[in-house]
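Here is the structure we will look at.
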Amino acid sequence: MLSGADQALVDYALKLTHDPGAMTCADTEALRAHGFDDRAIHDACAVTAYFAFVNRIADGLGVELESEA
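So the sequence shown is numbered by our numbering: it starts at 259 and just counts up by one.
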């Protein structure tokens, strides 16, 4: 089971990944309520956005996963 702070972070990342247009100030306020400061919120946003970006680039270029032999 995740702590409240960890669950808030997961919820934030999932929403940013699946429905980025629905993000509001309430989403960052929920993180602040669990003790996250501006730097931590920025880092969570940047890492989540970066993974989405890299995956879109790979999908757009038709990159396939390497198989382990």
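For each residue, glycine too, the CB sits at the ideal point set by N, CA and C.
Fair warning: this is a prediction, and the values are worked out from it, not measured in the lab.
By the 16-neighbour rule on beta-carbons within 10 angstroms, L260 is exposed. The continuous alpha helix (DSSP H) containing E287 extends over residues C283 to R290. Contact between A310 and L289 fails: their C-beta atoms lie close to 18 Å from each other, not under 8 Å. Ranked by Cα distance from P278, the options G293, V321, H292 and A304 are led by A304.
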